[in-house]
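Residue numbers (my numbering): 201 to 463. Input: a single structure, listed below in structure tokens.
Given below as structure tokens:
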């Protein structure tokens with residue numbers, strides 16, 4: 201089982217070494233901006249280093265929205281990030297499930313997701329797996345609660361689309377972690393990555409506020425149980441830089457035993 205952390209994008213390999221991580225996740229551009237990612241000068245070093253790479257798409261991307269001025273640029277930006285992530289050998293591109301505005305029909309949001317994959321297929325498809333991540337808040341979200349996730353997968357399940365399960369988002373979004381992996385897999389058939397985060401917010405608070413695994417409002421044993429059941433690579437997106445994240449990675453390896461040891 202590969203365990204790592206979300207790190208600064210300047211030198212991901214150095215950040216991995218500082219945390220004793222064997223996988224890292226990072227952004228390729230400003231997560232709050234609309235600029236397309238630029239080719240990385242360290243691409244060859246990244247692809248040959250033996251550290252598994254994941255790229256997180258910008259937070260501004262929302263392909264579900266009915267607002268054309270956001271949806272259409274979101275599709276283009278998502279495809280551009282997929283191309284750039286594939287160019288460095290990333291194993292997946294994580295993107296939030298998105299939402300529609302209050303009063304809009306959520307069914308249209310699910311269909312807009314379908315159109316996103318159809319749009320990509322017109323230009324040869326995504327060059328690596330796109331992993332849709334569950335989100336913590338919003339009553340009009342496409343991937344906060346499992347009933348919405350089921351409707352989303354009804355729309356896009358025919359494409360090769362993956363899933364990223366965030367433990368903080370699930371807890372804050374109102375989904376019990378106990379037995380969650382089985383419930384998710386019954387819908388998606390897969391979990392490709394786990395974001396292992398504790399939550400500063402209470403259950404069903406809708407607050408996307410991550411905490412270190414030993415803190416927060418989630419019993420750490422439940423996070424470990426999710427990881428063991430998912431049997432997927434793990435990324436911690438927790439506070440504290442190399443020290444805090446390194447401690448979280450060490451905790452998980454200790455709790456998971458031989459299956460969680462560094463490769």
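Beta carbons: idealized from backbone N, C-alpha and C, even for Gly. Values in this document were obtained by computation on a predicted structure and should not be read as measured data.
Just reading off the alpha helix (DSSP H) that residue i is part of, what are its end residues?
i           : result
residue 310 : 306 to 322
residue 215 : 212 to 219
residue 428 : 420 to 430
residue 289 : Looking at the DSSP string, residue 289 is not in any alpha helix (DSSP H), and its letter there is neither H nor E.
residue 367 : 367 to 373
Taking the alpha carbon of residue i as the reference point, which residue from the options has its own alpha carbon closest?
i           : options               : result
residue 264 : 279, 454, 342 and 356 : 342
residue 261 : 282, 278 and 269      : 278
residue 325 : 316, 331, 332 and 294 : 316
residue 239 : 313, 288, 457 and 215 : 288
residue 372 : 392, 402 and 397      : 402
residue 334 : 360, 350, 313 and 365 : 365
residue 281 : 395, 331 and 388      : 331
residue 292 : 432, 454 and 217      : 432
residue 290 : 405, 338 and 253      : 253
residue 352 : 399, 360, 336 and 311 : 311
residue 229 : 268, 285 and 383      : 285
residue 385 : 249, 407 and 357      : 357
residue 387 : 268, 453, 436 and 361 : 361
residue 390 : 416, 410, 398 and 363 : 363
residue 416 : 443, 448, 394 and 442 : 448
residue 425 : 248, 266, 347 and 456 : 456
residue 453 : 255, 246 and 396      : 396
Can you tell me which of the three DSSP states residue i falls into?
i           : result
residue 352 : helix
residue 333 : strand
residue 405 : coil
residue 204 : strand
residue 362 : strand
residue 465 : With the chain covering 201 to 463 only, the question about residue 465 has no answer from this structure.
residue 393 : strand
residue 382 : helix
residue 411 : strand
residue 454 : helix
residue 236 : coil
residue 440 : coil
residue 417 : coil
residue 283 : helix
residue 459 : helix
residue 347 : helix
residue 277 : helix
In the DSSP output, what is residue i paired with across the bridge?
i           : result
residue 226 : 255
residue 299 : 341
residue 272 : Per DSSP, none; premise fails for residue 272.
residue 294 : 256 and 331
residue 399 : 410
Keeping to the same chain, check which residues put their C-beta closer than 8 Å to that of residue i; ignore five residues upstream and five downstream.
i           : result
residue 283 : 327
residue 340 : 299, 300, 301, 302, 304, 306 and 309
residue 451 : 413, 414 and 420
residue 323 : 279
residue 259 : 231, 232 and 296
residue 408 : 335, 336, 337, 368, 369, 372 and 401
Among the residues of its own chain, which have a CB less than 6 Å from the CB of residue i, if the five just before and after it don't count?
i           : result
residue 429 : 381
residue 226 : 207, 209 and 212
residue 463 : Residue placement at residue 463 cannot be trusted, given a pLDDT of 49 that sits under 50; what the coordinates show is reported in the next sentence. 222, listed in sequence order.
residue 318 : none
Using a Cβ-Cβ cut-off of 7 Å (strictly less than) and excluding sequence neighbours within five positions of residue i, which residues of its own chain qualify?
i           : result
residue 270 : 262
residue 345 : 373, 374 and 375
residue 210 : none
residue 320 : 279 and 326
residue 405 : 372
residue 378 : 422
residue 237 : 228, 229, 280, 281 and 284
residue 440 : 412
residue 257 : 278, 281, 293, 294 and 295
residue 243 : 287 and 288
From what residue to what residue does the beta strand (DSSP E) around residue i run?
i           : result
residue 263 : No beta strand (DSSP E) contains residue 263, which DSSP labels as neither H nor E.
residue 435 : 434 to 436
From the beta carbon of residue i, is the nearest beta carbon of chain D less than 7 Å away?
i           : result
residue 326 : The structure shown has no chain D; it contains just one protein chain.
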